[in-house]
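Everything below concerns the one structure shown next.
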Amino acid sequence: MLFGKVSVGSQGNGWLAMVSVLVPPGTAVVALYCIMAIMGIDGDEPYTVLAVLAFIVTFVIYREVAAVSTTFARHLRDFLQRSIAAWAIVVGCLAVIGFALQYGEVFSRRVLLSWAVVTPLLIAVCQYWAYVFLVQNTARTRTVVIAGVSDLSRRLAKAIAEQPNYSLKVVGWFEDRSHDRVGPVGDASISLLGKLGDLPAYVRAHNVDVIYIALPIRHEERTRLLLDELHDTTASIYFVPDIFVFDLIQSRVDAIDGIPVLALCETPFLGVNGLVKRISDLTLASLLILLGAPVLLAVAVGVAMTTPGSIIFRQRRYGLDGREIVVYKFRSMSTSDDSSVVRQAQRDDDRITPFGRFIRKYSLDELPQLINVLQGRMSLVGPRPHAVAHNEEYRRQIKGYMIRHKVPPGMTGLAQVLGHRGETKTLEEMRARVEADLEYLRRWSLALDLKILALTVVRLFSDSKAY
231 MLFGKVSVGS
241 QGNGWLAMVS
251 VLVPPGTAVV
261 ALYCIMAIMG
271 IDGDEPYTVL
281 AVLAFIVTFV
291 IYREVAAVST
301 TFARHLRDFL
311 QRSIAAWAIV
321 VGCLAVIGFA
331 LQYGEVFSRR
341 VLLSWAVVTP
351 LLIAVCQYWA
361 YVFLVQNTAR
371 TRTVVIAGVS
381 DLSRRLAKAI
391 AEQPNYSLKV
401 VGWFEDRSHD
411 RVGPVGDASI
421 SLLGKLGDLP
431 AYVRAHNVDV
441 IYIALPIRHE
451 ERTRLLLDEL
461 HDTTASIYFV
471 PDIFVFDLIQ
481 SRVDAIDGIP
491 VLALCETPFL
501 GVNGLVKRIS
511 DLTLASLLIL
521 LGAPVLLAVA
531 VGVAMTTPGS
541 IIFRQRRYGL
551 DGREIVVYKF
561 RSMSTSDDSS
571 VVRQAQRDDD
581 RITPFGRFIR
591 KYSLDELPQL
601 INVLQGRMSL
611 VGPRPHAVAH
621 NEEYRRQIKG
631 YMIRHKVPPG
641 MTGLAQVLGH
651 RGETKTLEEM
661 RARVEADLEY
671 LRRWSLALDL
681 KILALTVVRL
691 FSDSKAY
């Protein structure tokens, strides 16, 4: 991804992703046929081939070179500059393909020249109009706090205030120096909210969305300590300026009015990635439900005949951004633990029914979570959600534990296929599971998701920790 993105909410990001993916190739094909109609050229086979190739090449090039985001483009000229650069690459690729296929002589040069000149302008205009409409109608304003008062951070706050398209609002500053020493911080409506040590508690209490850390480079150790405490939140964290001295999660360079910032801890599912993830979840989950309907029915009947209580067991867990969700499972125990204390399932656990032991061995009790996936509360692949009681216990003991909630929880995950599943008897076992979850965030790709799903199927028949 060549250009960073500032979130405009999950729905806004999805629509912007569609603008990035579909508008350029669609506009290129429509422009070609419109020019042909104006010039009286019939759309025979060579032009059909050209349209198909143009769609594919434009799709790929614009996605990588001129994707729509809420940061790189604020004015029509920004779209024009990137569209012209991307279109030049598209034309070059099509020229090479045309030469190889010996199609060059069959096209009207007037059509090709007009198309080459007009198309990048049309794409830029269409992208800009779509961008303005979507940002204005789907953006969710995210609250911002800034750690450290300096000339650079003042410029940052001013840039945010002057650019409403960023969908950001600075609510205050944190600084160890007194107000008399730092002087005015900018907008009169924005004040010092406390010292740096007060920042993590404030972020948790007020659900702050974004934190910009603008501390001097020489204060590296203080920044490290602050980051350790902020890892117990779900806020997106950026550092100003860009310094690669930390353990980064999906780091990316971004800019606000020319001021460089570095995402230290961000979700991998922004923009097109989020759209790809959601489409793959919906497609695969729907397919699994259709193909697995007989199994779902058989397990439901088995649970009803052998287990007291309802067929479906519901339990509160933490989902995306640390929000509580309700996760569904087939009932496999005689109890329904969902309080402040939840005992993990153990080998030979007397709460597990005989039929429950069978379905847990092959993870059939997890199948109702396909409904959670369709609802958008979970994903097929991601960090496994833990009971709320376990989250509250381990977030205090394991650094970076809450970062795993920067993505939707999964039915399976990298930790599970690496063997970190089942009961965690020691704190070190949970640390290993969390580290595998964070590694998933660092390395995410659709290929990794598919690999994890394949390995999960293999492990279903050989996992000694399934009980």
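So the sequence shown is numbered by the numbering used here: it starts at 231 and just counts up by one. C-beta atoms are modelled at their ideal positions from N, C-alpha and C, and glycine is treated no differently. A quick note: this is a predicted structure, and the numbers were derived from the prediction, not measured.
- Look at the stretch 351-432 and you find these whole runs of beta strand (DSSP E), each 3 residues long or longer: 372-377, 398-404, 421-424.
- As the crow flies, the alpha-carbon of residue 667 is around 6 Å from that of residue 645.
- Along the length of the stretch 515-561, whole alpha helix (DSSP H) runs at least 4 residues long occupy 523-536, reported in chain order.
- Runs of the beta strand (DSSP E) lying entirely within the stretch 431-515 and spanning at least 3 residues, in chain order: 440-443, 466-469, 482-486, 489-495.
- Annotation: residue 631 to residue 497 spans about 15 Å, alpha carbon to alpha carbon.
- For residue 642, DSSP records a beta bridge to 611.
- Rounded to the nearest whole angstrom, the C-alpha separation of residue 316 and residue 585 is 59 Å.
- By the Cβ-count criterion, residue 503 is buried, with 16 or more other Cβ atoms from all chains shown falling within 10 Å of its own Cβ.
- No Cβ-Cβ contact shorter than 9 Å links residue 637 with residue 505.
- In the same chain as residue 385, and ignoring 5 residues on each side of it, the C-beta atoms closer than 7 Å to its own belong to 489, in chain order.
- With a threshold of 16 other beta carbon atoms within 10 Å, residue 602 meets it and is buried.
- For residue 617, DSSP records a beta bridge to 547.
- Under DSSP, residue 563 shares a beta bridge with 582.
- Distance from the CA atom of residue 281 to the CA atom of residue 330, rounded to whole angstroms, is 17 Å.
- The beta carbon of residue 542 sits closer than 8 Å to those of 558, 559, 560, 561, 598, all from its chain and outside the five residues before and after it, given in chain order.
- Residue 428 and residue 456 have their alpha carbons spaced roughly 10 Å apart.
- Sorting 337, 620, 267, 445 by C-alpha distance to the C-alpha of residue 379 places 445 at the top.
- If you look at residue 670, you'll find it in the alpha helix (DSSP H) that goes 657-673.
- Counting only the Cα atoms, residue 399 lies some 15 Å from residue 422.
- Taking C-beta separations shorter than 7 Å and ignoring five residues to either side along the sequence, the partners of residue 424 in its chain run 404, 432, following chain order.
- The alpha carbon of residue 435 has as its nearest neighbour, out of 462, 600, 353, 689, the alpha carbon of 462.
- Put simply, the backbone Cα of residue 352 is about 7 Å away from that of residue 257.
- Within its own chain, the residues whose Cβ lies closer than 8 Å to the Cβ of residue 634, once the five positions on either side in sequence are excluded, are 613, 664, 667, 668, 671, listed in chain order.
- In the structure shown, residue 637 adopts coil according to DSSP, grouped into three states.
- Within the model, the alpha-carbon separation for residue 278 versus residue 641 is close to 43 Å.
- Within 10 angstroms of the beta-carbon of residue 533 lie 16 or more other beta-carbons, which makes it buried.
- Here residue 660 is buried. Its C-beta has 16 or more other C-beta atoms within 10 Å.
- Contact between residue 439 and residue 465 holds, since their C-beta atoms are separated by about 6 Å, short of 8 Å.
- The Cβ neighbour count for residue 655, taken over all protein chains shown within 10 Å, is under 16; the residue is labelled exposed.
- Boundaries cannot be given for residue 627, as no alpha helix (DSSP H) includes it and DSSP labels it neither H nor E.
- A check of alpha carbon separations from residue 318 across 292, 340, 507, 509 identifies 292 as the nearest.
- Per DSSP, residue 691 lies in no alpha helix (DSSP H) and is assigned neither H nor E.
- By the neighbour-count definition (other C-beta atoms within 10 Å, threshold 16), residue 590 is a buried residue.
- DSSP places residue 307 inside the alpha helix (DSSP H), whose first and last residues are 306-331.
- The beta carbons of residue 675 and residue 639 sit no closer together than 9 Å.
- By the Cβ-count criterion, residue 563 is buried, with 16 or more other Cβ atoms from all chains shown falling within 10 Å of its own Cβ.
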